[in-house]
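Undergrad: Following this message is one structure expressed as structure tokens.
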Amino acid sequence: MYPPTHAFLSAEHHVCGGPNTRKDYHIEEGEELFYQVKGDMCLKVIENGKHKDVHIREGEMFLLPARIPHSPQRQANTVGLVVERRRLPSETDCLRYYVEKSTEVLFERWFYCENLGTQLVPVIQEFLNSEQYRTGKPNKDEPLRTPPFQLNSMHVMKPFIFREWVEKHRPELSTGRPIDMFGAQFETETAMYGPGETEKSKRDTDIWIWQLEGDSEVMLNGQPFSLSEGDSLLIPGHSEYQWMRNEGCVALFIMQNPERKSAYF
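Residue numbers for the sequence shown follow the UniProt record's numbering, so the first one is 1 and each next one is one higher.
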């Protein structure tokens, strides 16, 4: 049996359901934004060479920095949103297994990622058929390749209750200026918007808008899209858009810009 992945991909946004208990770790050059819609999950990470469990409870948000090995563990009847960007042609992902109760690499495969839902299964099957899986020890006849980048040495943040964050910053939304949630040290530009207007713009990367309260209208390449509470819209990169936000609007804006990548030395 394959460990279930249960990731449904829409551009770079996954809606993930459980159960999903696995031992493989994923490494990528971009960040991942987690929001737990229903139920709780555990994100296992390797933080500075040590195993750590990050518990993301229902209603909480968490931004995982790039280049940190991570393994999502989801229980039955849970639903979570994961946002990650398309890969640059020069980037590679890694699926890695560790020797039990250690951080010694047991088995890994590097690959260019286009669709995690289909690309992980063959790698998992290869591991299940391997000598490393059978013995629990690295295969001396199969030396590991030199990684194309260093792992991130950052400490991960503590998950926070998203709605509490919104309420705390609600007075600022009336100013018409976006509120940056995480800061310029991350490539994921996550901002809250209140009433106002974004004039015609064009970005190189995809944008995702989630209408939390009220309503707004996006003119996308000349086509209008009306957003009501709970709606979301993906704006493909290089598209021209204009965004009109009405009184009472509260919306989440997410754009992951690889040009903001950090070296993580």
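Each residue gets a CB set at the ideal place from its N, CA and C atoms; glycine is no exception. Since the model is a prediction, treat every value here as computed from it, not as a measurement.
What's the call for Q125, buried or exposed, on a 16-neighbour Cβ count within 10 Å?
TA: When all chains shown are included, Q125 counts as exposed.
Undergrad: Three or more C-beta pairs closer than 8 Å, one from the stretch 54-72 and one from the stretch 20-27: is that the case here?
TA: With the cut-off at 8 Å, the stretch 54-72 and the stretch 20-27 touch.
Undergrad: Got a sec, what are the start and stop residues for the alpha helix (DSSP H) R203 sits in?
TA: Note, R203: premise wrong, no alpha helix (DSSP H); not H, not E.
Undergrad: Quick one: give me the first and last residue of the alpha helix (DSSP H) that R170 is part of.
TA: Residues 170-173.
Undergrad: Where DSSP assigns a beta bridge to I161, which residues make up the other side?
TA: DSSP, once it has assigned bridges, lists E60 as partnering I161.
Undergrad: Which same chain residues, not among the five before or five after E104, have their C-beta less than 8 Å away from its C-beta?
TA: The residues are Y98, P138.
Undergrad: Please determine, among E213, D206, V45, the residue with the shortest C-alpha to C-alpha distance to V166.
TA: When only C-alpha atoms are compared, the closest one is E213.
Undergrad: G80 bridges to which residues according to DSSP?
TA: Bridge partners of G80: C16, Q36.
Undergrad: How many whole angstroms separate the CB atoms of S130 and F107, which I take to be in contact at a CB cut-off of 8 Å?
TA: The pair is a contact, with the Cβ atoms about 6 Å apart (cut-off 8 Å).
Undergrad: Look up S216 in the DSSP assignment and give the residues it is bridged to.
TA: The partner list for S216 (beta bridge, DSSP) reads L227, R245.
Undergrad: Leaving aside the five residues before and after D180 along the sequence, list all residues of the same chain whose C-beta is less than 6 Å from its C-beta, in chain order.
TA: Cβ neighbours of D180 beyond the five flanking positions: A191.
Undergrad: Considering only the alpha carbon of each residue, which of T92, Y133, P122, V123 lies closest to C113?
TA: Residue T92 is the option with its Cα nearest to C113.
Undergrad: Within a Cβ cutoff of 7 Å, which residues of the same chain sit near N246, ignoring the five residues on either side of it in sequence?
TA: Excluding residues within five positions, the ones whose Cβ falls inside 7 Å are P195, G214, D215, S216.
Undergrad: Quick one: what's got a C-beta closer than 8 Å to R163's C-beta in the same chain, skipping five residues either side?
TA: Around R163: G59.
Undergrad: Around the Cβ of L144, are there at least 16 other Cβ atoms within 10 angstroms (buried) or fewer (exposed)?
TA: Exposed.
Undergrad: Roughly how many angstroms lie between the CA atoms of V45 and H51, to the nearest whole one?
TA: Going from the Cα of V45 to the Cα of H51 covers about 6 Å.
Undergrad: Closest to I235 by C-alpha separation, out of M244, R203, G136, would be which residue?
TA: Nearest C-alpha to I235: R203.
Undergrad: Leaving out five residues on either side along the sequence, give the residues of the same chain with a beta carbon under 6 Å from the beta carbon of P94.
TA: Correcting the residue type first, residue 94 is Cys in the shown sequence and not Pro. So the qualifying residues of the chain are I27, E108, W110.
Undergrad: Going by the CB atoms, is the gap between L64 and E32 shorter than 7 Å?
TA: In this structure, L64 lies closer than 7 Å to E32 by Cβ.
Undergrad: For the alpha helix (DSSP H) holding Q132, just list the boundary residues, first then last.
TA: Residues 131-135.
Undergrad: Check the C-beta distance from N257 over to E189 and give it rounded, since I have them as a contact under 8 Å.
TA: So it is a contact: roughly 6 Å between Cβ atoms.
Undergrad: Starting from P72, trace the beta strand (DSSP E) both ways and give me its first and last residue.
TA: 70-74 is the extent of the beta strand (DSSP E) around P72.
Undergrad: Can you list, in chain order, the residues of its chain whose CB lies under 6 Å from that of Y133, leaving out five sequence neighbours each side?
TA: Excluding positions up to five away in sequence, the list reads F127.
Undergrad: Could you give the DSSP three-state label for V156: helix, strand or coil?
TA: DSSP places V156 in coil when its eight states are reduced to three.
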